[in-house]
Structure formats: C-alpha cells, structure tokens
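Chains as they are written, first to last, in the numbering used here: chain A, 142 to 448; chain B, 142 to 448; chain C, 142 to 448; chain D, 142 to 448.
The C-beta atom is built at its ideal place from N, Cα and C for all residues, glycine as well.
Here is the structure we will look at.
Protein chains: 4
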Amino acid sequence: MTNNGVKKVISSVFHKVASIPDNGKLAAYIPELAKVNPEYFGVYISSVNGFEYGVGDWNQKFSIQSIAKALAVTLAYKALGEQIWQRVGVEPSGTPFNSLVQLESDNGIPRNPFINSGAIVVCDILICNLKNPKKEFLDFVRDIAQNPQLDYCSKIAESEKSVGYLNIGLCNYIKSLGNIKNSPEEVLDFYFNLCSLEMTCRELSHTFLFLANHGSKLFDGKEVLNHSQCKRINALMQTCGFYDESGEFAFKVGLPGKSGVGGGIIAVHPGKYSIAVWSPRLNARGNSYRGVRFLESFTTNTRESIF
Amino acid sequence: MTNNGVKKVISSVFHKVASIPDNGKLAAYIPELAKVNPEYFGVYISSVNGFEYGVGDWNQKFSIQSIAKALAVTLAYKALGEQIWQRVGVEPSGTPFNSLVQLESDNGIPRNPFINSGAIVVCDILICNLKNPKKEFLDFVRDIAQNPQLDYCSKIAESEKSVGYLNIGLCNYIKSLGNIKNSPEEVLDFYFNLCSLEMTCRELSHTFLFLANHGSKLFDGKEVLNHSQCKRINALMQTCGFYDESGEFAFKVGLPGKSGVGGGIIAVHPGKYSIAVWSPRLNARGNSYRGVRFLESFTTNTRESIF
Amino acid sequence: MTNNGVKKVISSVFHKVASIPDNGKLAAYIPELAKVNPEYFGVYISSVNGFEYGVGDWNQKFSIQSIAKALAVTLAYKALGEQIWQRVGVEPSGTPFNSLVQLESDNGIPRNPFINSGAIVVCDILICNLKNPKKEFLDFVRDIAQNPQLDYCSKIAESEKSVGYLNIGLCNYIKSLGNIKNSPEEVLDFYFNLCSLEMTCRELSHTFLFLANHGSKLFDGKEVLNHSQCKRINALMQTCGFYDESGEFAFKVGLPGKSGVGGGIIAVHPGKYSIAVWSPRLNARGNSYRGVRFLESFTTNTRESIF
Amino acid sequence: MTNNGVKKVISSVFHKVASIPDNGKLAAYIPELAKVNPEYFGVYISSVNGFEYGVGDWNQKFSIQSIAKALAVTLAYKALGEQIWQRVGVEPSGTPFNSLVQLESDNGIPRNPFINSGAIVVCDILICNLKNPKKEFLDFVRDIAQNPQLDYCSKIAESEKSVGYLNIGLCNYIKSLGNIKNSPEEVLDFYFNLCSLEMTCRELSHTFLFLANHGSKLFDGKEVLNHSQCKRINALMQTCGFYDESGEFAFKVGLPGKSGVGGGIIAVHPGKYSIAVWSPRLNARGNSYRGVRFLESFTTNTRESIF
C-alpha cells in the first residue's frame with residue numbers, strides 16, 4: 142500500500158472510531174491517571190522507510206505505564222542474553238495481569254516479562270546488573286528514541302506507590318519464593334519509576350522503531366538487539382503483550398505490541414513500521430478501548446498484519 | 142533468500158538436527174502410535190511461488206493427529222463465521238493440552254480450538270451443521286489438498302478410542318456444562334477419526350498452503366477463507382498451536398503452526414510458504430523434539446520468521 | 142438432657158423450621174428427584190440407650206443419594222483396612238462436590254471419599270475386592286440396618302445414568318490418570334446403584350447407629366468397625382461430609398454427618414445417638430435447606446454437639 | 142478413664158514417641174526459631190475437674206506462633222460477634238497455610254482465621270476495634286490464662302519481620318483487594334507480635350482450658366465466649382486448625398486443636414480437658430512431628446477423642 146493509501150486509511154479509521162461511543166473506563170485506581178482527560182485520542186506511525194504520519198492528539202504527553210516493560214526486558218536481554226529466561230518465562234499466562242496463582246505453582250518464576258510479576262523480576266535483574274539502574278535505563282530509552290528530553294514523571298510514580306499494594310504484595314511474595322535478589326523497596330522504587338515514563342505518540346513510535354528494523358536503530362544503524370533477539374522480543378509481545386487479551390489482539394489485529402493502563406498501545410510490523418495509539422479509556426481487560434478498535438480496523442483495511 | 146539458499150539451509154539444518162541425540166519420547170499412550178519407527182525424520186516446503194523441496198522421509202505417511210484440529214476449525218469458521226467464537230475462545234490456555242481446570246472456571250467454554258476440549262467442541266459444532274460430518278470433512282480436506290486419496294486410518298481411530306479415557310472424560314464433562322449439543326459418543330467418534338488422518342510431509346505442506354496464500358487455494362485460486370479470516374486462523378496457530386509451549390515456539394521459531402502427537406508439525410509463513418516437519422519423538426510438552434529444533438534453526442538461518 | 146427434653150426440642154424446632162419459608166431448590170438435574178414433593182419434612186432420632194423418636198414424614202422412603210458414600214467407604218475400610226487411603230485422601234476439598242481441579246494436581250487421588258470422584262474410586266476398590274459388589278454391598282447395608290427390605294431403586298439409578306455426564310466424565314478422567322482399575326461402565330453402574338438406595342428417616346437413623354456406638358451394631362453388639370476405625374469415619378464425616386459447606390456445618394451444627402442431594406442428612410453424636418433429617422429442597426451448596434437449619438437449632442438448644 | 146490411667150498412658154506414649162527417630166525438621170526460615178534445641182519434648186494436660194499432669198519439658202518457654210491465631214479470633218469474636226465472618230470464612234482451605242490462590246478467587250476473603258491471610262485480617266479487625274490492640278490483646282491472654290507474666294518476645298517478632306516477605310506480600314495483596322482497613326505496616330506489626338507470644342506447655346494448657354469448659358474460665362467461672370460461640374471456635378479448630386493436614390489430624394487424633402511452627406500443639410476435648418504438646422521439629426505440612434504422633438497414640442489409647 143502506498144504512503145498516501147496508509148494516510149487515508151489511518152485518517153478514515155481514526156474518525157470512524159472517534160465517532161463510536163467509547164465504552165471504556167479510565168484506570169481509576171491510580172489517582173493521577175484518573176485525572177487525565179478521557180477524550181484524548183492520537184495515532185502516530187513511523188516506517189523503516191522514513192514515512193511518518195500522525196492524527197489527533199499525537200503530540201500530547203501521556204504515561205506509557207506497562208509499555209515500558211518491553212523496554213526494560215529489552216535492556217535486560219541486551220545486557221545478559223539468554224540467561225534472563227531462567228528467571229522469567231516466555232509463555233502467555235492465560236490469566237489477568239496481576240494474577241498470583243501461577244507464581245505459586247511455578248515457584249516464583251513469572252510466566253512472562255509483561256505481566257506485573259515478570260516486570261518486577263526484570264527490574265530486579267537490572268538492579269543486579271546496572272550501577273545506577275534508574276539513570277542507565279533512562280539513558281537507554283533516550284538513546285533508542287534519539288530524544289534526550291524523555292523522562293520519568295515523579296508525580297505519577299509517587300501516585301502509584303501510594304496505592305501500589307498489589308505490586309508491593311507481588312514483589313514481597315516473589316521475594317519469599319527466592320526470585321527477587323534485592324530489597325523489595327529498591328525493586329519497587331525502580332518499577333514505579335519505569336512505569337511513569339511519559340511520551341507522545343510520536344515519541345513512542347520512534348522509541349519502538351528499532352523492533353520494526355530487526356533490532357537496529359533507524360537513525361544511526363546501530364544494533365540494539367541482534368536479528369534473532371529482536372524476533373524473540375516481537376514474538377513475546379505477540380503472545381503476551383496484552384495480558385489475557387493477547388490471543389484476541391493477535392486474532393483481531395495481528396501485530397506484536399504492548400499496552401499500558403495509561404491508554405497507550407504500541408504495535409510493530411517487523412520489517413515495516415511501528416504505530417502508537419493513545420486513548421485513555423480501557424476495556425474490561427485493561428487495554429485501550431479505542432486503541433484496540435483502531436488497530437483492528439487499521440490492519441483489516443490495510444491488510445498490513447503479519448499473518 | 143533464493144530458492145537455492147533455502148534448499149541449502151534446509152539440507153544443512155536437517156543433517157545437523159539428525160546428528161544430535163534425539164531426547165524426545167514416542168507418544169506411548171496410543172498403542173498404534175507407539176509402534177512407529179522413531180527414527181523417521183522428514184521435511185517438505187511449498188511456497189506460494191511454486192517452489193517445493195523435501196528432505197528425508199518426506200514421502201512417508203504418518204498420523205497427523207492434532208494438526209487436524211486446525212482444519213476442523215477452518216471448516217467450522219468457513220461454515221458459520223464469527224458465531225463459533227461464542228462456544229470456543231481464542232486465548233492461549235497457559236496449561237497443558239488436556240487441562241480441565243479452565244473448563245471448570247469458564248463454564249465449559251474451552252480457551253481455544255487447539256486444546257483437546259476446544260477441538261471436541263468444534264467437532265460438536267460441525268456435527269450440528271453438516272449432514273454427514275465425517276464424509277464432508279474428508280471431502281473438504283481432499284479439496285484443499287487437491288488430493289482425493291487422503292483418508293482416515295480406522296486402525297488409529299480405534300486404537301485411540303480404546304484408551305481415550307481422557308477425551309471421553311473431557312467430552313462428558315463439557316456436556317455436563319452444556320457446551321456439547323450431540324451425544325458424547327457421536328462427537329468422540331468424529332473426533333477420533335479426525336485425529337486419525339494420515340498424510341506425508343508433502344501432502345501436509347500442500348494441505349496448509351492456503352493459509353500461506355491469504356486464504357485461497359494456490360492451484361485454482363478459490364477462496365477457502367477470506368483475507369481477514371485467514372489472518373485470524375494464523376494468529377490462533379501462533380498464540381495457541383503448541384499447547385503450553387506456544388509462547389516458546391513463537392519465541393524460538395516465529396511462525397504460526399500446529400503440532401500433533403504423531404510427531405508432525407506444520408508451520409506457515411503468511412504470504413510465503415508452508416513447511417511440514419515430521420519426527421515421531423516428542424519433547425516434554427508433547428511437540429516433536431527434532432521438529433521444533435529444525436524449525437528454530439531454519440528460521441534463524443533464513444531469517445524467515447514473521448517477527 | 143432427658144428423653145422428654147429431647148422430644149420437646151425436636152418437636153418445637155421442627156415446627157419452627159417448618160414455618161419458615163423454604164429458600165431451597167429441588168435437585169432439578171436428576172429427572173426422578175425433581176418429581177419428589179418438595180414439602181416433605183421428617184426427622185428421626187435413635188440413641189444408643191434405645192430411645193427413639195420421630196416427627197413429620199419420618200416414615201416416607203426417599204433416595205439417600207450421597208449418604209450411601211459413607212456406607213461404601215465403611216465397607217471398603219472394613220474389607221481392606223488402611224491401604225484404601227493410598228487411593229483416596231482424608232482432607233477436605235475446599236471446592237464443590239464435583240470439582241475436577243484437584244484431581245488434576247493430585248494425579249487422580251481424590252481428596253476424600255465423600256466428593257463424587259472419591260466415591261467413584263471407592264466403588265472401584267469394592268469391585269476389585271468383592272465377587273458380586275452390588276449384592277454384597279446391599280447385604281452389608283441390610284445387615285447393619287437389621288432390615289432385609291432395604292433396596293436400590295432402579296428407576297432412580299437409570300434416571301441418574303441418563304444425565305450422568307459429569308460422573309461419566311469424572312470416572313473416565315480418573316481412569317486416564319490411573320486410579321480406576323475396572324472399566325468405567327462397571328464402576329459407574331455400581332456408583333449409580335449405590336446412590337439410588339432408598340430409606341425412611343427411621344431406617345437411615347438405624348443404619349448409621351453403629352457409628353454412634355463406637356463401631357458396633359446396637360442390636361447384636363457385633364463389630365462393624367473397631368473403635369479407632371469408627372473414630373476415623375466420624376472424623377471424615379465431620380471434616381468432609383458436606384462438600385464445601387463442611388466447615389460451616391461443623392461450625393453451626395457441630396456433629397459429624399453426611400448429606401445427599403435427595404435432601405437427606407444423617408448426623409451422628411459419637412457415644413450417644415444418630416439423627417436423620419429429610420427435606421428435599423437444597424441450599425446453594427447442595428445440602429438440605431431445612432435439614433441444616435433443623436440440626437443447627439437442635440444442637441444449639443440441646444447443647445448436644447461434640448464441641 | 143481414671144486420672145491415674147491417663148497419667149500412665151501419657152507417660153508411656155511420651156516415652157514411646159521420644160524413642161522413635163524424629164523425622165521432622167526445624168522451621169528454618171525464621172532465624173530465631175532455628176536456634177531452638179530440637180530435642181525439647183513436653184506435654185501438659187489440664188482437665189475441667191482440676192486434674193493436671195505434665196511430662197518432659199513442660200515447664201520450658203517456647204514461641205506459640207500460630208496457636209495465637211486461635212486467641213486472636215476468640216477476642217475478635219467476643220468483641221464483634223457474628224459480623225466478623227463477613228470478613229473471614231469458616232471453611233477448610235484445602236491448600237497450604239500460605240496459599241494465595243483462594244484469596245484471588247474469593248476477593249480477598251480468607252477461607253478461615255487460621256491460615257496466615259485469615260489471621261492477618263483478624264488482626265486488622267482487632268486494630269479497628271481496640272484502642273491499644275497490642276496491649277489489650279496481651280491483657281486478654283493474661284486474663285484467661287490467669288497469668289500476668291505472659292508476654293510477647295520482641296526478639297522473635299523482629300526476627301520474623303526481617304524475613305516476613307510472604308506475610309508482607311499477603312497483607313498488601315489483601316489490602317489491594319479491599320479487605321484490610323488499616324495500613325499494612327500497622328497490621329503486620331501486630332501480627333508479628335501476636336505470633337511471638339511465649340508460653341510453657343503448662344501455661345498453654347491453662348490458657349485454652351476455657352474452650353474445654355464451654356467458654357468459661359475455670360478459675361473464676363466468668364464467660365469468655367458463650368456456649369454456642371465456644372462450640373464454633375472448637376469446630377473451626379477441628380476443621381481448619383492444622384492447615385492442609387486438618388483432615389488427617391481429625392482422622393488420626395480426633396480432637397479440635399491448633400498448631401504453630403514453633404512446634405507447639407494445643408488440643409481440646411470439649412467438656413473434659415485441654416492438652417499442650419511441644420516438640421520443635423515439624424513434619425512436611427508444618428505441624429510438630431512428635432506432637433501429632435503423641436496425640437494420635439494418646440487418643441487411641443485413652444479412647445478419649447470426640448468421635
């Protein structure tokens with residue numbers, strides 16, 4: 142499909158989805174997120190050929206939340222290689238994002254790095270292997286995004302910490318099972334900061350473009366992950382990126398991706414493009430209501446899925 | 142990669158994997174399958190451009206077993222459209238292929254059509270909608286494979302029925318939960334026949350080529366599934382095709398596919414090719430030991446995964 | 142409390158409970174049971190001192206259903222001793238009577254002999270150890286009840302078999318896990334007959350009097366179980382006799398007992414008496430609504446619980 | 142049985158069990174408990190008739206640990222009555238003492254007050270209803286024990302807090318599900334102190350004698366719980382007092398009771414006596430190895446069980 146064709150599809154699908162009643166709900170359990178204007182809706186696409194296009198509120202900052210988990214596992218994988226899979230699995234969980242059931246039967250090894258327990262273990266791995274994890278992680282994100290302005294939002298991080306009983310519970314529970322090496326306080330502090338990263342759709346799309354480019358940054362050609370590692374991160378996003386809606390997202394959209402409770406979604410077409418969508422209201426499974434609908438129509442109309 | 146390049150990779154990976162000790166085990170619980178020579182090993186690829194190539198025992202018939210579940214759900218989807226998803230889900234199960242746990246909490250709706258419970262419900266759907274389900278299903282498979290010789294193996298079907306306590310248990314249990322409409326005997330008879338289908342690697346590769354061709358048969362161009370439906374079946378195979386090893390298969394191989402306890406695996410690269418591998422010994426999660434290893438090396442060396 | 146005191150409490154509690162709206166529901170899934178007049182309500186007590194007393198419909202036959210499981214495990218225990226606990230556990234299940242979850246994690250060993258799966262395994266044990274299990278079991282029950290007229294009801298047995306998908310499922314599932322030695326058909330035929338036993342409240346109270354008499358029949362003093370075995374069967378009824386309401390029954394009533402979906406309950410005060418209650422409508426957890434309420438008031442007013 | 146008969150049984154069973162190899166293991170996860178001499182073994186019985194008798198190390202202080210949960214729920218029940226059962230259940234859990242699985246499916250309502258999660262909720266209830274919970278709870282225990290010297294052990298409480306990841310995890314998890322009203326720190330501080338109570342076998346036996354005396358203190362006749370409430374606490378100890386060994390303890394011993402990881406067990410024969418046993422090594426399910434064996438032989442030989 143031509144660039145103009147893609148623009149037309151994006152624009153028409155965007156307006157169609159914007160006109161449908163939004164049945165989603167804001168993530169009310171995090172005080173700061175509950176204050177966001179729920180009407181925001183933005184889309185931004187960046188292709189490996191240099192094509193870029195945005196509609197709606199693509200230039201508005203938002204909290205990327207769990208989308209940052211994909212960046213954390215990328216940095217851990219880059220730093221340690223295959224041994225990280227001894228501490229976190231690569232299988233879909235079949236259960237909601239905050240489930241403790243499988244930790245209990247799997248001796249503290251989370252099913253994958255995209256459920257909360259898995260991301261918490263990834264944070265612990267990074268703390269073990271970086272001198273200044275919060276700074277080095279931020280440097281890493283700024284580098285792949287070619288954007289030194291990207292930053293954590295301390296207000297969001299504090300807001301989450303103040304009500305983060307579930308994640309405190311998860312982290313201490315995994316610690317009791319032996320799969321957290323550092324103090325729960327330190328791990329959680331890193332985790333809550335990670336989730337507080339803020340980006341616009343454009344920035345988010347740029348940040349993830351290396352996964353569409355077989356692991357290398359487009360702007361300087363330098364390798365973030367090698368071809369095989371990049372394949373694996375994309376595969377993980379495909380099978381596990383949307384909690385217990387991962388199967389349905391693959392089924393309807395057909396692209397690897399990752400969502401966050403801030404209403405953001407990043408999706409990647411390996412070899413082609415990355416596309417960021419943001420709309421704050423969430424469906425029953427915690428993924429952006431409009432975001433999922435937009436991407437479903439986008440890949441159906443462009444026939445641009447990987448399947 | 143050129144056709145010759147693919148041939149070279151297939152040939153060299155085949156010989157490398159053949160030379161590694163095979164740590165798998167025959168599916169001993171089905172008497173007839175336990176009699177198969179465990180040393181068989183064959184591969185066959187068919188591309189949408191007409192390229193074909195096989196190595197090893199690609200011309201030897203074997204029992205495709207659960208691979209037939211992908212054909213059954215295709216026929217059901219073709220016949221009834223989206224309403225089949227009211228009776229069977231599209232999410233990975235996170236549990237072994239024969240798990241009953243989720244049926245209990247999900248009121249008899251199996252997580253996906255590729256675990257045993259899901260395939261049994263698909264059989265029930267087909268019986269409700271076809272006059273002569275065993276004959277019509279076989280006609281369908283013969284048509285997409287362009288091969289009127291394909292057939293069930295009654296010896297295998299009988300062998301499975303004689304020890305099929307688990308599937309009898311599953312079917313009656315789902316019946317008690319209201320998601321089987323016909324008699325368990327009739328449903329199970331169809332199910333055991335379905336799983337007894339026999340093919341060579343070449344035939345298997347031909348049969349699934351329509352899924353690499355966006356839903357249409359290559360030889361006559363006729364549509365089996367439309368573009369969107371084909372995407373969805375491929376996505377389902379990606380997220381659910383390998384039981385509780387689905388995530389790892391996506392991670393290592395990066396192609397949608399389906400395995401069977403006979404040791405066969407079919408994998409599909411949408412828009413490009415279908416590839417069948419067969420080696421009878423199974424790994425701990427019930428998938429062909431050599432088959433998975435072959436495909437992992439194949440996609441790593443050719444860089445021909447979807448991710 | 143004097144015999145007259147007990148009579149007064151029974152009579153007054155009976156009329157009080159009879160006057161309260163019955164919020165229970167008939168066990169509608171078994172066609173024959175659904176035909177029973179739901180207004181029946183009877184009570185009968187027999188003490189080891191020879192005191193007997195009944196009110197309401199105590200002389201009306203009803204289907205004792207799962208109450209028979211306590212008789213089956215008694216006969217198996219008597220015949221084989223402690224080795225039966227290798228095939229069925231003695232722990233409360235924490236889940237509804239028909240749960241399959243724990244079978245899966247416990248390799249086919251049911252948690253206790255009073256959930257369906259456990260009773261099915263007990264039937265299998267009896268078939269392995271008796272020449273003519275249906276006849277010998279009936280002879281055993283007639284002997285401890287001193288009543289040669291007691292019998293199975295073939296109409297009920299057939300009715301249950303016709304809709305017994307769940308039990309067929311359970312039995313085949315346990316067979317697949319290796320804890321059923323005979324054919325599922327034979328085991329289920331015995332099981333459905335067992336559950337079809339019919340008794341009046343008076344007969345039921347007489348049948349279980351040996352458990353109040355430390356294991357020996359009152360009328361001839363002969364030992365059915367020894368003192369320690371009797372203690373164990375009573376303890377099992379206390380912790381497991383009421384499915385996932387066992388804790389609440391112990392809490393409110395404070396007597397070991399066993400219920401059936403026919404609306405019958407037998408409760409035993411070791412060293413003192415056995416009391417049978419029957420009222421067909423069941424509460425949400427499958428135990429007689431009026432039966433539980435009667436026994437709760439009875440032990441509270443007489444202070445005659447074991448705790 | 143005469144008092145002399147009971148003395149003889151206790152003495153002979155004590156020496157028999159003491160001579161058998163102790164296959165249990167110290168609760169190594171709490172540093173301070175791991176330092177205890179594992180050879181300690183003591184027994185003390187107190188009857189409602191004033192009979193008392195002890196053998197072995199009955200006058201040695203030990204950490205009663207989870208046995209204190211029975212005192213905490215007694216005080217909460219006394220203070221609030223039946224409404225406490227809206228926040229904690231009365232059913233056996235069917236799972237180990239620290240399981241999180243059921244919390245997840247039961248929305249934060251622990252199955253019973255004797256698993257850790259349940260005791261943590263009871264602590265929260267007490268904090269909501271007492272001005273100075275730590276002091277008032279201690280006053281309550283000193284009163285029923287008629288012993289103003291009883292006290293917490295701050296060394297043990299600190300030791301548990303330092304490694305209490307599991308309980309921190311549980312408390313925060315329940316908080317996230319809405320069933321903890323105070324701050325997790327405050328609840329856990331109370332919980333760890335509660336578990337640090339120290340008593341000798343004699344003191345433990347005296348403390349629980351009111352449960353053998355239908356709810357009233359023996360020494361002054363004052364009611365702690367009324368007859369019906371006392372029945373209920375005893376019933377709860379019977380069905381839930383020994384984690385996932387509760388069924389087996391009822392089966393083998395036949396008395397309501399409660400165990401702690403310090404190796405103590407209290408058992409109560411309603412209307413007759415309370416008996417405390419202490420031996421630090423634990424069996425696989427976390428209950429005193431020698432303690433369970435002693436009580437089994439004691440009730441078998443005296444025929445003094447409730448069943």
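Have a look at D:L345, D:Y314, D:T443 and flag the residue whose alpha-carbon is nearest the alpha-carbon of S369 (chain C).
As a working mapping, residue 369 (chain C) is identified with position 228 in the third sequence. It is D:T443 whose Cα lies nearest to the Cα of S369 (chain C).
Any beta carbon from chain G within less than 8 Å of G310 (chain A)'s own beta carbon?
This model lacks chain G altogether, as its protein chains are A, B, C and D.
Give the secondary structure of V231 (chain A) by DSSP, where H, G and I count as helix, E and B as strand, and everything else as coil.
Taking the first sequence and counting its residues from 1, the one referred to as residue 231 (chain A) is at position 90. If DSSP states are grouped into helix, strand and coil, V231 (chain A) belongs with coil.
Please classify E389 (chain A) as buried or exposed, where buried requires at least 16 other C-beta atoms within 10 Å of its C-beta.
Residue numbering aside, residue 389 (chain A) sits at position 248 when the first sequence is read from its first letter. So E389 (chain A) ends up on the buried side.
Straight-line CA distance for S152 (chain A) to C336 (chain A)?
Position 11 of the first sequence holds residue 152 (chain A). Position 195 of the first sequence holds residue 336 (chain A). Approximately 30 Å between the Cα atoms of the pair.
With distance defined between alpha-carbon atoms, name the residue in D:S317, D:A220, D:K157 nearest to I309 (chain A).
To locate residue 309 (chain A), count along the first sequence from 1; it is residue 168. Selected option, being the one with the closest Cα: D:S317.
Any beta carbon from chain D within less than 8 Å of Y314 (chain A)'s own beta carbon?
Along the first sequence, read from residue 1 onward, the residue named residue 314 (chain A) stands at position 173. At least one chain D Cβ lies under 8 Å of Y314 (chain A).
Could you check what DSSP says for D265 (chain D) in three-state terms: helix, strand or coil?
In the fourth sequence, the residue the question calls residue 265 (chain D) occupies position 124. If DSSP states are grouped into helix, strand and coil, D265 (chain D) belongs with the helices.
Taking only beta-carbon atoms, is L307 (chain D) less than 8 Å away from chain A?
Your numbering for residue 307 (chain D) matches position 166 in the fourth sequence. Output row for L307 (chain D): interface = yes.
F349 (chain D) CB to nearest chain C CB: under 8 Å?
Indexing the fourth sequence from 1 puts residue 349 (chain D) at position 208. Not one chain C Cβ lies under 8 Å of F349 (chain D).
Opposite S188 (chain B) in the DSSP bridges: which residues?
Translated into the one-based positions of the second sequence, residue 188 (chain B) becomes position 47. Looking at the DSSP assignment, S188 (chain B) forms a beta bridge with B:Y414.
What would DSSP say about S337 (chain B), mapped onto helix, strand or coil?
As a position in the second sequence, residue 337 (chain B) is number 196, starting the count at 1. Coil.
Which runs of the beta strand (DSSP E), 3 residues or longer, sit entirely within the region 143-210 of chain B?
List check, beta strand (DSSP E) in window: 183-188, 193-197.
If we call anything under 8 Å between Cβ atoms a contact, is I161 (chain D) one with S400 (chain D)?
Here the question's residue 161 (chain D) lines up with position 20 in the fourth sequence. Here the question's residue 400 (chain D) lines up with position 259 in the fourth sequence. Their beta carbons are not under 8 Å apart, which means I161 (chain D) does not touch S400 (chain D) by this criterion.
One question on the structure: do I447 (chain C) and L396 (chain C) come within less than 8 Å of each other, judged by their Cβ atoms?
Translated into the one-based positions of the third sequence, residue 447 (chain C) becomes position 306. Translated into the one-based positions of the third sequence, residue 396 (chain C) becomes position 255. Result yes, Cβ atoms of I447 (chain C) and L396 (chain C) sit closer than 8 Å.
Closest to P421 (chain C) by CA distance: which of C:S204, C:D385, C:S246, C:Y314 is it?
As a first step, residue 421 (chain C) is located in the third sequence; it is residue number 280 there, counting from the start. Closest by alpha carbon: C:S204.
Can you tell me whether DSSP reads E364 (chain B) as helix, strand or coil?
Reading the second sequence from its first residue, position 223 is the one you call residue 364 (chain B). E364 (chain B) falls in the strand class under three-state DSSP.
So which of D:V433, D:N375, D:S303 has the shortest CA-CA distance to Y170 (chain D)?
Along the fourth sequence, read from residue 1 onward, the residue named residue 170 (chain D) stands at position 29. For Y170 (chain D), the nearest C-alpha among the options comes from D:S303.
How is the beta strand (DSSP E) around S400 (chain D) delimited, first residue to last?
On the fourth sequence, residue 400 (chain D) is found 259 positions in, with the first residue counted as 1. Its beta strand (DSSP E) spans residues 398-400.
Please state the DSSP three-state secondary structure of G405 (chain D).
As a first step, residue 405 (chain D) must be located in the fourth sequence, where it is residue number 264. Three-state result, G405 (chain D): strand.
For L244 (chain C) versus S234 (chain C), is the C-beta spacing smaller than 8 Å?
On the third sequence, position 103 is the one that residue 244 (chain C) refers to. On the third sequence, position 93 is the one that residue 234 (chain C) refers to. In this structure, S234 (chain C) does not lie closer than 8 Å to L244 (chain C) by Cβ.
Is the Cβ of S234 (chain D) closer than 8 Å to any Cβ of chain A?
Along the fourth sequence, read from residue 1 onward, the residue named residue 234 (chain D) stands at position 93. Closer than 8 Å: no.
Starting from the C-beta of Q287 (chain B), find all residues in its chain whose C-beta is less than 6 Å away, skip the five residues before and the five after it, and write them out in chain order.
Position 146 of the second sequence, counting from 1, holds the residue named residue 287 (chain B). Here the set comprises F360.
Using a Cβ cut-off of 8 Å (strictly closer), state whether E445 (chain B) contacts chain C.
Within the second sequence, residue 445 (chain B) is the residue found at index 304, counting from 1. For E445 (chain B), the answer is no, since every Cβ of chain C falls outside 8 Å of its Cβ.
In angstroms, rounded to a whole number, what distance separates the CA positions of Y185 (chain B) and L174 (chain B)?
Sequence index remark: in the second sequence, residue 185 (chain B) carries index 44 (1-based). Sequence index remark: in the second sequence, residue 174 (chain B) carries index 33 (1-based). Cα to Cα, the separation comes out at about 22 Å.
Could you tell me if H347 (chain D) is buried or exposed, where buried requires 16 or more neighbouring beta carbons within 10 angstroms of its beta carbon?
Walking along the fourth sequence from the start, residue 347 (chain D) turns up at place 206. So H347 (chain D) counts as buried.
For D292 (chain B), which residues does DSSP report across the bridge?
Along the second sequence, read from residue 1 onward, the residue named residue 292 (chain B) stands at position 151. For D292 (chain B), which the question treats as bridged, DSSP gives the partners B:E339.
Does any residue of chain D bring its CB to less than 8 Å from the CB of S415 (chain A)?
One-based indexing of the first sequence puts residue 415 (chain A) at position 274. Taking Cβ atoms only, chain D never reaches closer than 8 Å to S415 (chain A), which makes this a no.
For R343 (chain D), which residues from the same chain have a beta carbon less than 7 Å from its beta carbon, with the 5 sequence-adjacent residues on both sides left out?
Position 202 of the fourth sequence, counting from 1, holds the residue named residue 343 (chain D). Y185, G195, W199, N200.
Residues in the same chain with beta-carbon distance under 7 Å from D163 (chain C), minus the five sequence neighbours each way, listed in chain order, please.
Residue 163 (chain C) sits at position 22 when you count from the first residue of the third sequence. Only R422, Y430, R431 meet the Cβ criterion.
Assuming F349 (chain D) contacts I407 (chain D) (C-beta within less than 8 Å), just tell me the rounded distance between them.
Along the fourth sequence, one-based indexing puts residue 349 (chain D) at 208. Along the fourth sequence, one-based indexing puts residue 407 (chain D) at 266. At roughly 5 Å, the Cβ-Cβ gap stays under 8 Å, so F349 (chain D) and I407 (chain D) are in contact.
I'd like to know whether the C-beta of A391 (chain B) is nearer than 8 Å to at least one C-beta of chain A.
For the purposes of this step, residue 391 (chain B) is identified with residue 250 of the second sequence, where counting begins at 1. Yes, A391 (chain B) lies at the interface with chain A (some Cβ there is under 8 Å from its Cβ).
With N442 (chain A) as the anchor, note down where its alpha helix (DSSP H) starts and where it stops.
Taking the first sequence and counting its residues from 1, one reaches residue 442 (chain A) at position 301. Looking at the DSSP string, the run of the alpha helix (DSSP H) that includes N442 (chain A) is 430-443.
Taking P179 (chain D) as the reference, which of D:G165, D:V409, D:K149, D:A391 has the closest Cα?
Counted from its first residue, the fourth sequence places residue 179 (chain D) at position 38. It is D:G165.
In the structure shown, what three-state DSSP assignment does L350 (chain B) receive?
As a working note, residue 350 (chain B) is residue 209 in the second sequence. If DSSP states are grouped into helix, strand and coil, L350 (chain B) belongs with the helices.
Give the straight-line distance between the Cα atoms of Y332 (chain A) and T143 (chain A), rounded to the nearest whole angstrom.
For the purposes of this step, residue 332 (chain A) is taken as residue 191 along the first sequence, with counting starting at 1. For the purposes of this step, residue 143 (chain A) is taken as residue 2 along the first sequence, with counting starting at 1. So the two alpha carbons sit approximately 41 Å from each other.
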